[in-house]
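Notes to accompany the following structure.
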Amino acid sequence: MIKKQRHIESMDEDEKLSSCTYASRYMTEPVPKYELPERSVSERTAYRLIRDELYLDGRPVQNLASFCSTWMEPEGDELIQQGLHYNLADEDEYPHVIKILERCVNILANLFHAPSNHSGGAVGTATIGSSEAIMLAGLAMKWNWRKRRNERGEPTDRPNIVLGNNVQVCWKKFARYFDVECKYIPLEVGRYVITPELVADAVDENTIGVCAVLGSTFTGEFEPVEEINDTLAEVNKARGFDIPVHVDAASGGFVAPFLYPDLEWDFRLPLVRSINVSGHKYGLCYPGIGWAIWRDRSWLPEELVFRVNYLGGEMETFNLNFSRPASGVLGQYYNFLRLGREGYANVMKALKRNADYIRERLVDTDQFDVLSDDRSLPLVALSVRPELPYTAFDLSHKLREKGWIVPAYTMPGNAESITCLRAVVREKMSREVADDLVEDILAATSELNRLKPGKKTTSVSSGSSDLIC
Ligand SMILES: Cc1ncc(COP(=O)(O)O)c(C=O)c1O
């Protein structure tokens, strides 16, 4: 992380050093903070110094801002620990790790209804998260668009992508890093997803693809992928385009197949040519694993795939990173074997029950409005009623006093007047924890109502750019 630091020269000697009260027991002198220490310390001392600093951070179980898993079973932990020793890039050394990776790709392609992938020939790759997967899928869309334009002798200097301005920041990064214009569809108060009509108006001959989000970062809602597919098919036909849909299923990819199996959002729709999903969100793994899956071979341009032949046979690689631990892949495969469809469905249903429970209890107080519909991610996205004397930011700050991290942020684009308070329900949240959260929210709202009767406070907005995911 790039942080503005005071220059080391301007600090006094004490500021440059790390020390602690037990220093005299384990360390004979403090260690420098910003320079490599001259001397070694024992492994126990180094461990303690770092661990004690981590205690100062929020508690993962109370962090309801993040979609990322904070807990796995000890057997998963063990495999992840073992996976740290394996470099995914060393394919010739670790062919079984690669076989496991390929099985995961096929399992996901199957789950997402990729055509004819039962024989193990699914096309996809493991990534560090959805961001990397989106970069890869975006590049594939750009290459495909350019190839088609080149074949027709048409200019290729102004590629654009059509998406809602509710997309996660990784899409903005993709567009900037890889020189693609974002054609944003603005949200409005009361509409927090894109619509097929707005997509149809926005696309043109330079559109490399449309991004539809299955599980908006802001409200958890699913964008209407099926309707977008159908409308875009008509536009493509009428205007001679071949614009694909990419589904950003970072969160929804592990939710929809289990909670709403009849919802058509994946490769069942002909224009859906690539999908990303984060294993570390509802895939129930720790941060560091995501997946990019293509409909079939024809949508992954040859030029973007690099081949190595260390294994005797030919191996293909298509990633932004080279060296990385196998941990994420092993953790994901552990969950696939351990949970199966039944286990994932049970977990997702339990998460939804808890999210519904929290939402209903809060809405019953007549202080909140619901911002997402029933068919969305298992989370609670509410706005504070405008007539109340406190804001969602006040409530978010107040909850911090009890250790809860429940972010408040303004919605993007034309919906900026709405502030959302969002609590992501994850696997570690039991009904007891949900009850504690509700009780703490209710206590906070009574205090805020008492402290600020009759007028809105002027809490500083954390803004949508601070959204943690
Ligand atoms: C819809 C959506 N897309 C992409 C991302 C980026 O995912 P990752 O953190 O796995 O890179 C997120 C993160 O929350 C997200 O919510």
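Here this note's numbering runs 21 ahead of the position in the sequence shown, where the first position is 1.
Glycine included, each C-beta is placed from N, C-alpha and C at the ideal position.
With respect to 7 Å, is the separation between the Cβ of Ser152 and the closest non-hydrogen atom of ligand 1 below this value? Remark: the shortest separation between the CB of Ser152 and any heavy atom of ligand 1 falls under 7 Å.
For Tyr354, write down the residues that DSSP places opposite it in a beta bridge. For Tyr354, which the question treats as bridged, DSSP gives no partner whatsoever.
Restricting to Cα atoms, I'd like to know which of Val427, Val52, Leu184 is closest to Ala455. Ala455 has its Cα closest to that of Val427, out of Val427, Val52, Leu184.
Would you call the stretch 391 to 406 in contact with the stretch 227 to 247, where contact means no fewer than 3 C-beta pairs closer than 8 Å? In short, these stretches touch, since the Cβ pair count reaches three.
Return the chain-ordered list of same chain residues with a C-beta closer than 8 Å to the C-beta of Leu253, the five sequence neighbours on each side being excluded. Excluding five sequence positions before and after Leu253, the CB atoms of its chain that fall closer than 8 Å to its own CB belong to Pro217, Val220, Ala221, Val224, Val231, Ile264, Val266, Leu292, given in chain order.
Val62 to Glu422, Cα distance in whole Å? CA-to-CA, the gap between Val62 and Glu422 works out to about 36 Å.
Outcome for Ala259 when other beta-carbon atoms lying within 10 angstroms are tallied against a minimum of 16: Ala259 is classed as exposed because its beta carbon has fewer than 16 other beta carbons within 10 Å across all chains shown.
Separation of Ser438 from Ser482, as counted between CA atoms: Unreliable placement is indicated for Ser482, whose pLDDT of 46 sits below 50; the coordinate value is still reported in the next sentence. Using only the alpha carbons, I get a separation of about 12 Å.
Please check the pair Gly274 and Val298, which I expect to be a contact at CB under 8 Å, by giving their CB distance rounded to whole angstroms. In this structure Gly274 touches Val298 by the C-beta definition: roughly 3 Å separates them, less than 8 Å.
Quick check: is any heavy atom of ligand 1 less than 7 Å from the C-beta of Gln353? No, the beta carbon of Gln353 sits no closer than 7 Å to any heavy atom of ligand 1.
Short of 6 Å in beta carbon distance, which residues of its chain neighbour Ala196, apart from the five on each side in sequence? Order them along the chain. Excluding positions up to five away in sequence, the list reads Cys203.
Taking 8 Å as the cut-off, does the stretch 345 to 355 touch the stretch 298 to 314 (at least 3 CB pairs, one atom from each stretch)? Verdict: yes, contact present.
So, with DSSP's three-state summary, where would you put Val220? Val220 falls in the helix class under three-state DSSP.
Along the chain, where does the beta strand (DSSP E) containing His117 start, and where does it finish? The continuous stretches of beta strand (DSSP E) do not include His117, which lies in the alpha helix (DSSP H) extending over residues 116 to 132.
When DSSP builds the beta bridges, which residues end up paired with Thr146? Looking at the DSSP assignment, Thr146 forms a beta bridge with Ala313.
Could you name each continuous alpha helix (DSSP H) segment of 4 residues or more that falls completely within the stretch 232 to 290, going from the start of the chain to the end? List check, alpha helix (DSSP H) in window: 246 to 260, 277 to 280.
Straight-line gap, Leu472 to Ile206 (C-alpha atoms, nearest Å): In a straight line, the C-alpha of Leu472 is about 40 Å away from that of Ile206.
Beta-bridge partners of Tyr430, as assigned by DSSP: Answer by DSSP bridge pairing, in chain order: Cys441.
Option nearest His106 by Cα separation, candidates Leu321, Cys306, Arg345: Ranked by Cα distance from His106, the options Leu321, Cys306, Arg345 are led by Arg345.
Do Ser295 and Arg316 have their C-beta atoms closer together than 8 Å? Taking 8 Å as the Cβ cut-off, Ser295 and Arg316 qualify as a contacting pair.
Contact check, Ala233 vs Ile249 under 8 Å by CB: the rounded distance? Confirmed, Cβ separation roughly 5 Å.
For Arg6, tell me which candidate among His134, Tyr378, Asp73, Ala366 has the shortest Cα-Cα distance. Any question about residue 6 goes unanswered here, given that the chain covers just 22 to 490.
Nonlocal neighbours in the same chain, by C-beta distance under 6 Å from Ser151, ignoring five residues either side: The residues are Ala271, Asn297, Ser299, Gly311.
Short Cβ contact (8 Å threshold) for Thr91 with Arg359: Contact check for Thr91 against Arg359 fails: the beta carbons are separated by 8 Å or more.
Three-state secondary structure assigned by DSSP to Glu50: In the structure shown, Glu50 adopts coil according to DSSP, grouped into three states.
If you reduce the DSSP assignment to three classes, tell me which class Ser90 lands in. Coil.
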